[in-house]
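Protein chains in written order, with the working numbering: chain S, 1 to 114; chain P, 115 to 224.
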């Protein structure tokens, strides 16, 4: 168990809808990262937060947004969903000790858009 | 940005044999290289990592080597067992997180 908790595990919704994915990082970790994993694209970095502030952006669509709350949990909001947004969404966290610290992943949320 | 290439995409070995997965990276500033194992229905799990001031690291049946000059690193699994079957990802640490290779599906044949 990595200590990173993601909810829900599965989500099925229709095109055009909006969903929220939730992540609780490991105790003591200040950084939260969101990744998207689809069959043909591997693990794609979406966005990083550090202690409540956005730190870096990757290949995140404008329809997607995220935030990190004072208690350090994070939410990823996906709106105007399209069929191509169906994927696994992973959250990871890392401790606040520099760029050589590992990321620890949750078990993901499987999103299916129909 | 960083680019990580991983080979092979699929690797099938006999149980008990060794498996080697290779990765190359592009950004010479990268200084931390973890390997993750992902089983079906689970998130990537860190199995071993290496920092740029070290050339080799071993943990029981798993070892990782790093050649900074050539910008490549490899995962070695010896005496493979059925539970080693999974997808393995290499990664390079960049300031905003990790850049991953596309993964290797390791199949252990009985």
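Where a beta carbon is used, it is the ideal one built from N, C-alpha and C, also for glycine. In this text the structure is predicted, and so the values were computed from the model without any measurement.
With its beta carbon less than 8 angstroms from one in chain S, residue 148/P belongs to the interface.
According to the DSSP assignment, residue 69/S belongs to no beta strand (DSSP E), since it is labelled neither H nor E. Proximity to residue 16/S across 80/S, 111/S and 93/S peaks at 80/S, based on C-alpha coordinates.
Neighbourhood of residue 107/S in chain P, by CB distance below 9 angstroms: 155, 156 and 157, in chain order. Pairwise C-beta distances place the stretch 122 to 129 of chain P out of contact with the stretch 99 to 112 of chain S, as fewer than three of them are shorter than 8 angstroms. Beyond the five residues adjoining it in sequence on each side, residue 14/S comes within less than 8 angstroms, by CB distance, of 81, 113 and 114 in the same chain, given in chain order.
Judged by DSSP in its simplified three-state form, residue 53/S adopts strand. Nearest to residue 47/S by alpha-carbon distance, out of 78/S, 5/S, 86/S and 2/S, is 78/S. Listed in chain order, the non-local C-beta contacts of residue 177/P below 6 angstroms within the same chain comprise 190, local neighbours out to five positions each way being set aside. The Cβ atoms of residue 206/P and residue 152/P do not sit closer than 8 angstroms to each other. Residue contact check for residue 198/P against chain S: no CB pair falls below 8 angstroms. Apart from sequence neighbours up to five positions away, the residues of its chain that approach residue 216/P with a beta-carbon distance below 6 angstroms are 120, ordered along the chain. Residue pairing of residue 125/P in beta bridges, as defined by DSSP: 220/P.
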